[in-house]
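Protein sequences, first through last, are from chains A and B.
First residue of the first sequence? That's 2 in our numbering, and the numbers climb one at a time after it.
First residue of the second sequence? That's 2 in our numbering, and the numbers climb one at a time after it.
Virtual Cβ for every residue (Gly too), placed ideally from N, Cα, C.
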Amino acid sequence: MRCPVSPVAIRIFLYLVTILLGLSLLAGSQVMHEDPSLLVPSRVKPIDDQISTLVGGLAMSMDSISADIHAKNYTLAGQELSRFRQYSGNLKLLVSQLNISDRNYTELENSLGYIQSDMGALLEYAEQYNRSLSLYNGSLAGGDSANTSKYASELQADYIGIGSAYNRLYANATSTGEVLENLGVNTYRYRGAIDSLNEQLNQLVDTYGEVVPGERSPSLWLSASTGGVQGDTIRFKVALGDGNRSPISNARVDVFVNGSRIGTMMTGPNGNGSLDHAVAGDHPVANAVYVPADGTTPAAYSNEVALPANTKSPALTINIDRNEAQFGDIVNVFGDLKAINGAFLPGKTVDIFANGARAGSAVTHDDGSYSFSLMITPYFPAGQCVVQAAYQDDNGKSLSTGKPLNISAISAELTVLAPPIINRTDPLQVNGSLMASNGAPVEGAKILIYFDDMLAGISQTDRSGLYGLSIGMSKNALPGDHAIHSSFEPGEGKALLAASSGFHHISVAGENRPGGNGEWPFIAFAGAGILLAGAVLGVLLLATRLRGRKPAPSLQISHEVSRNRPVPDVPPEMCILSLETEIVPINADIYADCNRRAQRGIYFLAIKVAKFGGVRFMDSMTPREFLSIASRSLPAISSPLSIIVGSYEKSAYAPGNFEKAEVYLAIDCLKEIFVTLRIGLAETP
Amino acid sequence: MRKRMLLLAFGCLLVLMVAGRLFFTNADFSPGNPLWNGISSLAFSRNVRPIYDIKGLQSMDPGDTLLIIGPSRNYSDDETAGVLAFLQGGGRVVVMDDFGDANSLLYGLSSPVTIDRVPLCQYEDFYVNQSCPIITVIPTSSYSSNATKLVLNHPAALKVNGSALIMASTSKYGWLDVNGDSYLNRNERMGSYPVIASSAYGQGELLVISDPDICINGMLAKGDNDEFMARIIRGSPWLDVSHGIEVVPLLRVYYALRSDPKLQAFTVLLILACGGLLIFRRPLIGRIKKLREGP
Numbered sequence: 002m003r004c005p006v007s008p009v010a011i012r013i014f015l016y017l018v019t020i021l022l023g024l025s026l027l028a029g030s031q032v033m034h035e036d037p038s039l040l041v042p043s044r045v046k047p048i049d050d051q052i053s054t055l056v057g058g059l060a061m062s063m064d065s066i067s068a069d070i071h072a073k074n075y076t077l078a079g080q081e082l083s084r085f086r087q088y089s090g091n092l093k094l095l096v097s098q099l100n101i102s103d104r105n106y107t108e109l110e111n112s113l114g115y116i117q118s119d120m121g122a123l124l125e126y127a128e129q130y131n132r133s134l135s136l137y138n139g140s141l142a143g144g145d146s147a148n149t150s151k152y153a154s155e156l157q158a159d160y161i162g163i164g165s166a167y168n169r170l171y172a173n174a175t176s177t178g179e180v181l182e183n184l185g186v187n188t189y190r191y192r193g194a195i196d197s198l199n200e201q202l203n204q205l206v207d208t209y210g211e212v213v214p215g216e217r218s219p220s221l222w223l224s225a226s227t228g229g230v231q232g233d234t235i236r237f238k239v240a241l242g243d244g245n246r247s248p249i250s251n252a253r254v255d256v257f258v259n260g261s262r263i264g265t266m267m268t269g270p271n272g273n274g275s276l277d278h279a280v281a282g283d284h285p286v287a288n289a290v291y292v293p294a295d296g297t298t299p300a301a302y303s304n305e306v307a308l309p310a311n312t313k314s315p316a317l318t319i320n321i322d323r324n325e326a327q328f329g330d331i332v333n334v335f336g337d338l339k340a341i342n343g344a345f346l347p348g349k350t351v352d353i354f355a356n357g358a359r360a361g362s363a364v365t366h367d368d369g370s371y372s373f374s375l376m377i378t379p380y381f382p383a384g385q386c387v388v389q390a391a392y393q394d395d396n397g398k399s400l401s402t403g404k405p406l407n408i409s410a411i412s413a414e415l416t417v418l419a420p421p422i423i424n425r426t427d428p429l430q431v432n433g434s435l436m437a438s439n440g441a442p443v444e445g446a447k448i449l450i451y452f453d454d455m456l457a458g459i460s461q462t463d464r465s466g467l468y469g470l471s472i473g474m475s476k477n478a479l480p481g482d483h484a485i486h487s488s489f490e491p492g493e494g495k496a497l498l499a500a501s502s503g504f505h506h507i508s509v510a511g512e513n514r515p516g517g518n519g520e521w522p523f524i525a526f527a528g529a530g531i532l533l534a535g536a537v538l539g540v541l542l543l544a545t546r547l548r549g550r551k552p553a554p555s556l557q558i559s560h561e562v563s564r565n566r567p568v569p570d571v572p573p574e575m576c577i578l579s580l581e582t583e584i585v586p587i588n589a590d591i592y593a594d595c596n597r598r599a600q601r602g603i604y605f606l607a608i609k610v611a612k613f614g615g616v617r618f619m620d621s622m623t624p625r626e627f628l629s630i631a632s633r634s635l636p637a638i639s640s641p642l643s644i645i646v647g648s649y650e651k652s653a654y655a656p657g658n659f660e661k662a663e664v665y666l667a668i669d670c671l672k673e674i675f676v677t678l679r680i681g682l683a684e685t686p
Numbered sequence: 002m003r004k005r006m007l008l009l010a011f012g013c014l015l016v017l018m019v020a021g022r023l024f025f026t027n028a029d030f031s032p033g034n035p036l037w038n039g040i041s042s043l044a045f046s047r048n049v050r051p052i053y054d055i056k057g058l059q060s061m062d063p064g065d066t067l068l069i070i071g072p073s074r075n076y077s078d079d080e081t082a083g084v085l086a087f088l089q090g091g092g093r094v095v096v097m098d099d100f101g102d103a104n105s106l107l108y109g110l111s112s113p114v115t116i117d118r119v120p121l122c123q124y125e126d127f128y129v130n131q132s133c134p135i136i137t138v139i140p141t142s143s144y145s146s147n148a149t150k151l152v153l154n155h156p157a158a159l160k161v162n163g164s165a166l167i168m169a170s171t172s173k174y175g176w177l178d179v180n181g182d183s184y185l186n187r188n189e190r191m192g193s194y195p196v197i198a199s200s201a202y203g204q205g206e207l208l209v210i211s212d213p214d215i216c217i218n219g220m221l222a223k224g225d226n227d228e229f230m231a232r233i234i235r236g237s238p239w240l241d242v243s244h245g246i247e248v249v250p251l252l253r254v255y256y257a258l259r260s261d262p263k264l265q266a267f268t269v270l271l272i273l274a275c276g277g278l279l280i281f282r283r284p285l286i287g288r289i290k291k292l293r294e295g296p
């Protein structure tokens with residue numbers, strides 16, 4: 002199939018496309034950005050979750066190591082220790098990427114290092130203990146008293162090592178938990194692991210008991226649940242074994258607190274026994290004694306366990322570091338909380354009040370002392386004030402004590418700032434500060450902001466004494482100068498006196514500058530341009546139509562013309578054509594020997610005449626269509642018109658000469674049509 | 002007939018292509034770029050006008066705003082002096098750049114805020130990935146409502162030395178991607194890095210934003226970017242196009258027609274003259290012929 006577009010045109014098109022592509026090349030750019038619709042998602046877990054997972058992993062590892070050592074599965078314990086190191090390394094890396102202080106990071110790094118070292122030592126001692134125990138038992142069975150004694154000494158050393166490593170591990174794990182908590186990490190799982198560690202520590206004596214060489218005296222280990230205050234029940238547990246670490250069952254063990262026997266328990270098949278008891282008194286010490294019923298073996302005395310402090314009737318004291326203060330000062334309130342016998346009460350909450358209003362609370366330290374920083378706020382009452390400390394024990398008994406403090410009122414300076422010029426439609430951003438006369442920024446003060454003496458809004462100062470407010474401009478705010486000011490009104494008798502800023506003048510611009518952005522003039526211009534272009538186009542079209550168009554000659558005959566279209570029954574207009582006048586140019590063509598042109602002229606004249614006779618002619622009609630329509634409308638002219646049309650087709654398309662005789666014949670036919678139509682017209686009423 | 006129609010269609014296509022190329026572009030930050038990396042939305046919605054010579058800021062009012070977006074050429078001393086004079090006269094200059102050449106202007110202005118050209122990411126609170134952090138503009142700043150959240154696209158960080166007001170920073174999980182691999186590596190630490198800061202110059206204000214992409218078409222609708230842009234524009238906004246931003250020829254004509262009433266009037270007269278000539282060409286030609294032929 003032949004391409005309808007010439008190769009030259011295609012080549013030009015390709016050249017133009019190349020030029021356009023060349024024009025489209027991007028300029029050198031230093032921009033770094035991505036199409037937001039094509040971004041590749043980052044798949045990261047939130048930092049808190051990651052830390053939580055790692056800390057959970059640490060806890061799980063600690064737990065597993067302890068359990069494996071307990072089960073004497075040292076290989077698994079070693080593998081778990083490697084996992085712990087991995088968790089620890091990842092945690093340190095993640096925390097190092099957080100914005101924490103070097104001190105905090107070092108503290109955490111050291112804590113984790115200590116735990117690793119303790120667990121390594123524990124594993125080493127446990128393995129060593131196990132080896133020594135085999136050797137000891139072998140020597141004992143073989144009656145090798147020298148080696149028995151030697152291995153017993155090693156066993157004793159390993160036993161002490163296990164205990165001390167375990168105690169260090171517990172202490173360091175607890176300390177690490179505190180470090181993590183200080184970093185804001187959720188240590189719920191970690192704390193659970195530490196508790197589990199403590200449980201296993203208590204049970205470890207079952208696995209790694211003390212061996213005393215040379216004696217076959219039984220061993221007794223006492224442990225007690227920790228935590229609790231006066232009235233709480235403490236569970237005492239014992240583990241009783243003979244000189245060969247075999248459990249002694251069904252034995253009677255007495256438990257003593259501060260030298261007084263509080264109860265007796267019977268050991269079970271595994272040598273363990275327990276006793277619950279509510280202990281009163283401060284800092285009691287418990288121990289257990291096993292006296293064999295048969296009297297053949299020596300009695301066994303357990304280790305001593307210190308029980309938690311309890312309280313009866315505490316005493317609360319209060320002191321303040323000054324007698325006078327003003328806004329911005331920090332008054333140190335301190336004192337201590339002790340039991341009636343002078344024992345310290347740590348971890349208790351002491352509430353601080355100023356003139357009866359609660360100002361905060363403090364928690365007592367290990368030595369029973371507490372301290373609180375009392376801020377003198379702007380709304381603190383001026384004059385004589387009483388600072389009180391109050392404590393309520395678990396039984397609901399309250400204690401309180403107080404000290405007088407004199408508060409002097411001082412003045413403050415309030416400023417207000419705003420942009421010098423704003424648009425009427427924009428919000429007005431007002432900023433400012435409130436500073437006390439002693440230079441302290443005033444935090445938490447409510448600032449009233451006025452626009453032309455009308456309250457426009459209320460803001461509050463931040464830690465730096467700064468405040469800010471965005472005021473929506475009223476539509477009634479006329480363009481021009483306006484004044485804003487602000488005031489601080491704490492009320493009568495407060496530590497800070499009321500303050501008011503000076504007036505700050507601003508200028509409100511009117512609507513957007515007319516035409517400043519070129520909007521309305523441009524729209525008007527664009528509208529005018531479109532109208533003008535439309536008008537010009539209309540005029541051109543009209544002019545073209547008035548000029549008329551010649552039908553293009555064609556050999557193609559369309560069969561789609563509506564042949565059945567009814568001819569309107571409208572009387573033809575009066576013919577005003579003059580054949581003599583119209584035929585003049587045709588005669589000129591004949592005279593000039595332009596027979597074909599003359600024949601075309603006759604054809605077009607025939608059309609004109611037919612149109613005057615009421616035939617609806619369209620430019621798109623072929624000569625044959627015209628003949629068909631005209632013959633149907635005016636059968637009387639069918640014959641001469643067919644001769645004109647035939648001659649016209651011959652003149653237009655047939656090769657060779659076109660004789661004058663044919664032109665003259667066509668002129669006669671035209672005259673006949675003309676006459677016929679004139680007659681027809683004359684007959685029309 | 003059919004061939005003529007094809008040629009006509011081909012011609013129309015060519016005209017459209019050429020006209021399109023002369024009116025649109027795909028260059029970064031161009032007001033004539035309707036694609037994701039252009040600023041046509043901002044330019045047309047806020048009536049941003051281009052300024053072709055930064056030295057000639059006299060046409061701007063003191064209450065106007067000059068936008069400098071991702072410049073890719075250094076500012077000369079004369080240009081810096083022009084910006085400084087505009088600032089001191091009460092104008093607002095908004096410099097939005099991450100890895101471009103805006104520092105040449107900031108150094109020239111002795112600005113307390115400069116741009117640290119290191120990619121800034123945020124480990125949490127981001128749009129799709131860490132290179133597109135979501136930051137909160139400090140509510141007390143002039144350009145923020147209660148919670149203005151901006152979505153950035155590969156921003157840099159700001160260095161603030163001296164008296165400047167930091168108006169927006171990343172969260173504590175922001176980090177500088179020193180090696181540019183978009184992954185948080187061993188030596189990359191998290192922290193809060195400033196991204197928007199302002200400083201006063203006389204009665205004017207210099208606002209530095211470490212990401213020009215908050216105003217591109219692809220990002221303008223993200224978060225409160227559009228609202229923020231509306232807030233930072235005061236008076237009439239002008240765009241410095243003399244440092245790498247492409248303004249295509251027909252767009253230049255458009256802006257010229259849009260802002261110059263004299264040119265508008267001249268164009269109307271030109272159209273009228275051409276239309277008149279077209280309509281009355283025959284009588285005119287006839288008259289000219291007669292004049293030539295003589296009486």
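Which class does residue i belong to by DSSP, given the choice of helix, strand or coil?
| i | result |
| --- | --- |
| N183 of chain A | helix |
| H71 of chain A | helix |
| C386 of chain A | strand |
| Q201 of chain A | helix |
| D119 of chain A | helix |
| A326 of chain A | strand |
| V45 of chain A | coil |
| N588 of chain A | helix |
| G229 of chain A | Because G229 of chain A carries a pLDDT of 46, less than 50, the predicted location of this residue cannot be relied on, and no value is offered for it. |
| M436 of chain A | strand |
| K661 of chain A | helix |
| I377 of chain A | coil |
What residue range does the alpha helix (DSSP H) around residue i cover?
| i | result |
| --- | --- |
| L121 of chain B | Per DSSP, L121 of chain B belongs to no alpha helix (DSSP H); it is in the beta strand (DSSP E), 121-123. |
| L642 of chain A | 639-654 |
| K56 of chain B | Element bounds for K56 of chain B: n/a, residue is neither H nor E. |
| S41 of chain B | 41-46 |
If you follow the beta strand (DSSP E) that residue i is in, where does it begin and where does it stop?
| i | result |
| --- | --- |
| P405 of chain A | 399-409 |
| F1 of chain A | Beyond the ends of chain A as shown, which are 2 and 686, falls residue 1 of chain A; an answer cannot be given. |
| D337 of chain A | 331-339 |
| P51 of chain B | 50-52 |
| Q461 of chain A | 455-461 |
| T265 of chain A | 261-267 |
Mind the definition here: the region 411-419 of chain A touches the region 531-538 of chain A only if three or more C-beta pairs lie below 8 Å; say whether that holds. no
Report the start-end ranges of each alpha helix (DSSP H) in the region 141-221 of chain B that is 4 residues or longer and not cut off at the edges. Complete alpha helix (DSSP H) runs here, min 4: 218-221.
Cβ contact check for the region 186-203 of chain B and the region 244-251 of chain B: 3 or more pairs under 8 Å: no
What are the uninterrupted segments assigned as alpha helix (DSSP H) that are 4 or more residues long and contained completely in the region 229-262 of chain B, given in chain order? 250-260
Would the region 34-51 of chain B count as touching the region 269-289 of chain B if we require 3 or more Cβ pairs under 8 Å? no
In the region 17-43 of chain B, which residues sit with their C-beta less than 8 Å from some C-beta in chain A, listed in chain order? Per Cβ criterion, the list reads M18, V19, R22, T26, N27, A28, D29, F30, W37, N38.
Residues in the region 399-432 of chain A with C-beta within 9 Å of chain B's C-beta atoms, listed in sequence order? P420, P421, I422, I423, N424, D427, P428, Q430, N432
Interface positions of the region 28-59 of chain A facing chain B (Cβ-Cβ less than 8 Å), listed along the chain: A28, G29, S30, Q31, V32, M33, H34, E35, D36, P37, S38, L40, V41, P42, S43, V45, P47, I48
So if I threshold CB-CB distances at 8 Å, which residues from the region 72-104 of chain A count as touching chain B? Only those residues of the region 72-104 of chain A whose C-beta falls short of 8 Å from the nearest C-beta of chain B are listed: L94, S97, Q98, L99, N100.
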